[in-house]
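Q: Below: one structure in structure tokens.
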Amino acid sequence: MVKKAIIPAAGYGTRSLPITKVLPKEMFPIGVKPAIHYVVEEAIASGIEQILLIVSRKKNMIVDYFDHSLELEAFLERENKQHLIDLVPIPSVPIHYVRQPYAKGLGDAIRIGKTFVGNEPFAVLLPDDIMVSQKEPALKQLIDVYRDTKKSVIGVKEVEESKLSNYGVISGIEKTKGLYQLDGIEEKPKMNPPSNFAVVGRYVFTPGIFEMLDSSVANIGEELQLTDAIRDLLAVEDCYGKVVDSERYDIGIVEEYIKLINFFN
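Numbering-wise (the working numbering), the sequence shown opens with residue 8 and increments by one.
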């Protein structure tokens with residue numbers, strides 16, 4: 008089953024400049040926790056037992072956040088505030104880290120995790136997208152589909168046509184309610200999108216995706232696109248799109264980030 012997850016967190020966060028010049032987008036506060044904390048919680052709640060965070064040299068704040076703060080813990084004990092230590096828990100599963108030396112795109116970041124994954128299915132969670140579920144976590148919904156199909160699964164949500172140019176968009180045949188067998192995927196279509204279903208930053212992949220990433224060649228100065236590798240994977244394996252029963256908030260869009268903060272408040 009799916010026990011490992013990759014969380015790519017090495018990007019520049021250009022959509023959220025200027026604040027991301029000094030503060031990683033993954034550390035944007037939502038209530039009293041940063042965005043990345045909710046994504047890690049979702050992974051653990053979905054049954055993930057090991058997490059690999061792809062970071063860059065300017066994302067050490069993320070590494071520090073998930074580590075013990077010995078000085079803080081000693082201070083709280085000295086001040087008889089041990090109850091506050093429980094507010095800064097260390098995740099219950101191992102978190103590993105590796106740096107992406109150059110910002111070559113999402114496909115390259117995932118490819119870096121090949122050794123970590125080995126020959127196993129694995130999940131990918133994009134920390135830009137915060138998924139709020141009333142029932143099962145969004146990732147768990149995809150893992151359930153993988154359990155039944157043993158094929159790669161992409162989380163999708165129906166969005167209004169005017170916003171489709173911001174996301175990857177799938178096309179496919181509905182096999183059961185909310186589950187599509189994919190026959191195509193297009194990155195940020197400028198016109199004539201193949202459907203109204205946009206990718207929401209949650210994936211479960213077979214190890215076959217690495218062969219496609221290895222064979223993909225990014226042009227000089229361009230990023231290695233995960234969408235291209237998924238399209239290549241469709242030629243050799245069945246892949247599915249699952250409409251997730253979750254609210255999705257893209258924290259790279261100011262209006263959605265504010266909605267998310269208001270929701271938690």
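Just so it is clear, CB atoms sit at the ideal spot from N, CA and C, and this is done for glycine as well.
Computed from a predicted model, the values in this text were never measured in an experiment.
(1) Rounded to whole angstroms, what is the Cα-Cα separation between residue 213 and residue 105?
(2) Would you mind reading off the limits of the alpha helix (DSSP H) that contains residue 259?
(3) What residue range is occupied by the uninterrupted beta strand (DSSP E) comprising residue 104?
(4) Could you pull out every residue in the same chain whose Cβ sits closer than 6 Å to the Cβ of residue 248, ignoring the five residues on either side in sequence?
(5) Assign residue 227 to buried or exposed, taking buried as 16 or more other Cβ atoms, counted over all protein chains shown, within 10 Å of its Cβ.
(6) Could you give the distance in angstroms between the alpha-carbon of residue 131 and the alpha-carbon of residue 79?
(7) Suppose the cutoff is 8 Å on Cβ atoms and the five residues either side in sequence are ignored; what does the same chain contact list for residue 156 look like?
(8) Can you tell me which of the three DSSP states residue 24 falls into?
(9) Can you find the residues in the same chain that come closer than 6 Å, C-beta to C-beta, to residue 147, ignoring five residues on each side of it along the sequence?
(10) Check this for me: beta carbons of residue 207 and residue 255, under 7 Å apart or not?
(11) For residue 49 and residue 144, I'd like the C-alpha separation in whole angstroms.
(12) Is the Cβ-Cβ distance between residue 31 and residue 66 less than 7 Å?
(13) Please state whether DSSP places residue 226 in a helix, a strand or coil.
(14) Under 8 Å by Cβ, that's how I've got residue 251 and residue 209 pegged, so tell me the actual separation to the nearest angstrom.
(15) Kindly indicate the opening and closing residues of the alpha helix (DSSP H) around residue 148.
(16) Under the three-state reduction of DSSP, which class applies to residue 114: helix, strand or coil?
(17) Taking only the alpha-carbon atoms, compute the straight-line gap between residue 84 and residue 77 and give it to the nearest angstrom.
(18) Buried or exposed: residue 103, going by 16 or more other Cβ atoms within 10 Å of its Cβ?
(19) Give me, in chain order, the residues of the same chain whose beta-carbon lies closer than 8 Å to that of residue 17; leave out the 5 immediate sequence neighbours on both sides.
(20) What residue does the alpha helix (DSSP H) around residue 250 start on, and which one ends it?
(21) Closer than 7 Å by C-beta to residue 98: which residues in its own chain qualify, once you throw out the five before and the five after it? Chain order, please.
(22) What are the uninterrupted segments assigned as alpha helix (DSSP H) that are 4 or more residues long and contained completely in the segment 133 to 220, given in chain order?
(23) Who are the near neighbours of residue 153 in its chain, counting only those whose CB is closer than 7 Å to its CB and skipping five residues on each side?
(24) Between 125, 261, 268, 265, which lies nearest to residue 23 when the distance is taken from Cα to Cα?
A: Taking the structure as given:
(1) About 21 Å.
(2) If you look at residue 259, you'll find it isn't in any alpha helix (DSSP H); DSSP assigns it neither H nor E.
(3) For residue 104, the enclosing beta strand (DSSP E) has its first and last residue at 102 to 106.
(4) Taken in chain order, the residues that qualify are 161, 163, 177, 179, 187, 189.
(5) Because the pLDDT of residue 227 is 43, which lies under 50, any placement of that residue in the model is unreliable, and the number read from its coordinates should be weighed accordingly. Flag for residue 227 reads exposed.
(6) Taking C-alpha positions only, residue 131 is separated from residue 79 by approximately 32 Å.
(7) In the same chain as residue 156, and ignoring 5 residues on each side of it, the C-beta atoms closer than 8 Å to its own belong to 245, 247, in chain order.
(8) When DSSP states are grouped into helix, strand and coil, residue 24 belongs to the coil group.
(9) Apart from the 5 residues on each side of it in sequence, residue 147 sits with its Cβ closer than 6 Å to the Cβ of 53 in its chain, given in chain order.
(10) The criterion of a C-beta distance shorter than 7 Å is satisfied by residue 207 and residue 255.
(11) Rounded to the nearest angstrom, the two C-alpha atoms are 6 Å apart.
(12) Using a Cβ distance threshold of 7 Å, residue 31 and residue 66 count as a contacting pair.
(13) Residue confidence for residue 226 is low, a pLDDT of 48 falling below 50, so the modelled location carries little weight; the figure read from the coordinates is stated next. In this structure, DSSP gives residue 226 a state outside helix and strand, which the three-state scheme calls coil.
(14) The C-beta distance from residue 251 to residue 209 rounds to 7 Å, short enough to fall under 8 Å.
(15) Membership of residue 148 in the alpha helix (DSSP H) is indicated by the continuous run 145 to 156.
(16) In the structure shown, the three-state DSSP call for residue 114 is helix.
(17) Annotation: residue 84 to residue 77 spans about 11 Å, alpha carbon to alpha carbon.
(18) Exposed is the call here.
(19) Here the set comprises 61, 62, 63, 66, 106, 107, 110, 116.
(20) No alpha helix (DSSP H) holds residue 250; the beta strand (DSSP E) holding it covers 246 to 250.
(21) Closer than 7 Å at Cβ, skipping near neighbours: 47, 51, 73.
(22) Correct list: 145 to 156.
(23) Correct list, in chain order: 9, 128, 160, 211.
(24) Nearest of 125, 261, 268, 265 to residue 23, Cα basis: 261.
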